Every structure is written in C-alpha cells, then in structure tokens.
Amino acid sequence: MRSTATATRCQDCRQLVIAAISTDALETLCDVIPLTRAGELHANLAGRRTMRLDTDRRLWTTGAYRIPTEPMPGDLILAVHICGQPIPAAWTQPLPQPSEPTTDTEVPF
Numbered sequence: 002m003r004s005t006a007t008a009t010r011c012q013d014c015r016q017l018v019i020a021a022i023s024t025d026a027l028e029t030l031c032d033v034i035p036l037t038r039a040g041e042l043h044a045n046l047a048g049r050r051t052m053r054l055d056t057d058r059r060l061w062t063t064g065a066y067r068i069p070t071e072p073m074p075g076d077l078i079l080a081v082h083i084c085g086q087p088i089p090a091a092w093t094q095p096l097p098q099p100s101e102p103t104t105d106t107e108v109p110f
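The sequence shown begins at 2 in the numbering used here and counts up by one.
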C-alpha cells in the first residue's frame with residue numbers, strides 16, 4: 002500500500018474503495034463517496050472514523066473537532082470503509098451534474 006491514495010477494490014467485498022497509508026501510519030480503506038459536514042457528524046456518531054483526502058492524495062485522520070471548520074478547497078471528507086455497511090444517502094454530498102456539451106459554431110480565425 003502506498004502513502005498516496007489510489008482507487009482499488011476491497012479484497013473482502015470487492016467494493017470500490019480508496020486505499021492509502023494515512024498520515025498516522027495506518028493502512029486505511031475509505032468509501033469513495035464524499036460526506037457532507039452533517040454526514041461526517043452522523044458517521045462519527047455511528048462509530049465510523051472519517052478521513053480527509055487532500056489534493057495531494059493523502060489521507061488525514063479527522064474527528065469531531067474538525068467538523069465545525071470548512072475543509073480546504075478540493076479536500077474531501079470520506080468515511081472509513083466497513084464491508085457490508087454502505088454510506089447512507091443522507092450523509093453524502095450531491096455528485097456534480099455533468100456539464101452540457103457546448104457546440105462551438107465560432108470560426109477560430
């Protein structure tokens with residue numbers, strides 16, 4: 002396992018996960034769906050650890066003390082993966098809408 006996060010499959014349940022050695026030197030698997038701040042709170046209350054994936058693809062341990070603060074731009078909050086326990090939809094961020102393809106009718110010169 003590497004210190005930078007990579008997408009892989011869980012060896013037990015074959016679900017898509019993000020794998021890395023976290024900054025506290027633990028091998029960590031996280032679910033790929035980012036959480037809202039309220040979702041992070043619910044995950045912590047349910048006993049699930051949460052991690053912050055930064056733009057350099059490193060996983061940082063987070064906790065209840067970080068929930069009131071806004072994450073850095075581009076950072077994602079992820080729940081640690083537990084086989085057979087999917088993330089409830091109420092905890093997740095809405096996925097970005099695909100952009101409409103624009104047809105450019107302008108002549109480039």
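Even glycine gets a Cβ: it sits at the ideal position worked out from N, Cα and C. Please read all numbers here as calculations on a predicted model, not as lab measurements.
query: DSSP beta-bridge partners for D25?
result: By one-based count along the sequence shown, residue 25 stands at place 24. DSSP output for D25 lists no bridge partner at all.
- prompt: For A20, does the three-state DSSP call read helix, strand or coil?
  reply: Here residue 20 is taken as the residue at index 19 of the sequence shown, counted from 1. When DSSP states are grouped into helix, strand and coil, A20 belongs to the strand group.
query: Residues bridged to R58 by DSSP?
result: Numbered from its first residue, the sequence shown carries residue 58 at position 57. DSSP links R58 through a beta bridge to no other residue.
Rounded separation between Q12 and V108 - CA only: Counted from its first residue, the sequence shown places residue 12 at position 11. Counted from its first residue, the sequence shown places residue 108 at position 107. Each residue's Cα considered, the two are about 52 Å apart.
message: Just to confirm my understanding: we take R58, look at its own chain, exclude 5 residues before and 5 after, and list those with CB closer than 6 Å. What are they?
response: Here residue 58 corresponds to residue number 57 of the sequence shown, with the count starting at 1. Contacts found: T5 and A6.
- request: List the residues that DSSP assigns as beta-bridge partners of L42.
  value: Position 41 of the sequence shown, counted from the start, is the residue given in the question as residue 42. None; L42 has no bridge partner.
- request: Give a yes or no on whether the C-beta atoms belonging to W61 and T24 are separated by under 8 Å.
  value: One-based indexing of the sequence shown puts residue 61 at position 60. One-based indexing of the sequence shown puts residue 24 at position 23. Yes; because the gap between Cβ atoms is below 8 Å, this pair is in contact.
query: So, using beta-carbon positions, are D54 and L30 closer together than 8 Å?
result: Locating residue 54 in the sequence shown gives position 53, where the first residue counts as 1. Locating residue 30 in the sequence shown gives position 29, where the first residue counts as 1. Going by the sequence as given, residue 54 is Leu instead of Asp. No; because the gap between Cβ atoms is not below 8 Å, this pair is not in contact.
message: Just list the residues that DSSP pairs D32 with in beta bridges.
response: To locate residue 32, count along the sequence shown from 1; it is residue 31. In DSSP, D32 forms a bridge with V18.
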